[in-house]
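See below for the structure under consideration.
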Amino acid sequence: SSLEPNITMVGTRTSESEQRRLQQLLTSEELGDRKPSQLLRRLQQLLGERASSFDTSLLKELFLQRLPTNVRMVLATAPDLQLAALAQLADSVMDVATPTVAQLQQPQEPSRPVMTSAVSGHSSELNELRDMFCRQLADLRNDISAISLRSRSSSRRRGDSTNLRQRSNSPHPRVCWYHRTFGNQARNCTLPCAAAENFNPHH
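Taking our numbering, the leading residue of the sequence shown gets 138, the next gets one more, and so forth.
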């Protein structure tokens, strides 16, 4: 009848559409920015009427292949969970490890301006530390010089005071005891003595 070609064409289109969905299921469907549970629902949609009869272990394998490595490692510790529960667990892992997952999915090197800025920042910090160290070293040297100067000045004052006391204790340091005591009548003399020039022991 005239309906037979139309039925055949509809059947062909349905078959082709199903094949495309299966091809998408097997090869091109990725996680993207979706949650794992959303990915699982999408895979089940692509299966269409086959979802109820499709091999669950195969669907599980297709699902796990789309997940980041660190999420799969966590899910591997719960092999007995049903697929829906596994997807919920994957959601929780993704929520906790989102920065790490993003880095694993799209590793990016820092741009040159960012790297340059970071290097410049470190160089500036090093220069500040060096300047501060130089200032502290200069202050330390000044302190040492001041202490040394005060020490030498104190030593000189002590030496001058000692000499002054010695001179005050010896009012005639160049005249011996005999001449200080007996004057010109001294019969003995102890050198050095300023009066020795005029000393005549036989006098």
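All C-beta atoms in this analysis are idealised placements derived from N, C-alpha and C, irrespective of residue type, glycine included.
Fair warning: this is a prediction, and the values are worked out from it, not measured in the lab.
Pick from the options that is closest to residue i, judged by C-alpha positions
i	options	result
Arg179	Ala221, Asn321, Asp276, Pro216	Ala221
Thr327	Gly320, Tyr315, Asn321	Tyr315
Thr230	Glu198, Ser174, Thr318, Asp276	A small fix is needed here, since residue 230 is Val in this sequence, not Thr. Measuring from the Cα of Val230, the nearest candidate turns out to be Ser174.
Glu167	Arg294, Asp192, Ser194, Leu201	Leu201
Thr193	Asn207, Leu223, Leu204, Cys330	Leu223
Asp170	Asp268, Leu204, Asn325, Arg324	Leu204
Val233	Arg267, Thr318, Val208, Pro216	Val208
Lys172	Leu266, Gln322, Ala227	Ala227
Contacting residues, own chain, Cβ-Cβ under 6 Å from residue i (five flanking each side not counted)
i	result
Leu196	none
Phe191	Leu184
Arg278	none
Cys313	Cys326, Thr327, Cys330
Straight-line Cα distance separating residue j from residue i
i	j	result
Gln225	Phe270	57 Å
Arg311	Leu274	53 Å
Arg289	Asp280	14 Å
Ala332	Gly320	9 Å
Ser282	Asp276	10 Å
Met218	Glu186	Note that residue 218 corresponds to Leu in the displayed sequence, not to Met. C-alpha separation (whole angstroms): 24 Å.
Leu286	Ala323	50 Å
Thr206	Ala213	11 Å
Cutoff 7 Å; reference residue i; Cβ partners in own chain excluding five residues on either side
i	result
Leu211	Reading the sequence as shown, one finds Val at residue 211 and not Leu. Closer than 7 Å at Cβ, skipping near neighbours: Val230.
Ala188	Gln181
Residue range of the alpha helix (DSSP H) that includes residue i
i	result
Leu168	Where Leu168 is concerned, there is no enclosing alpha helix (DSSP H), given that its DSSP letter is neither H nor E.
Asn207	206-212
Arg317	314-319
Met192	The amino acid occupying residue 192 in the given sequence is Asp; Met does not appear at that position. Neither: Asp192 is in no alpha helix (DSSP H) and is coded neither H nor E.
Leu226	220-233
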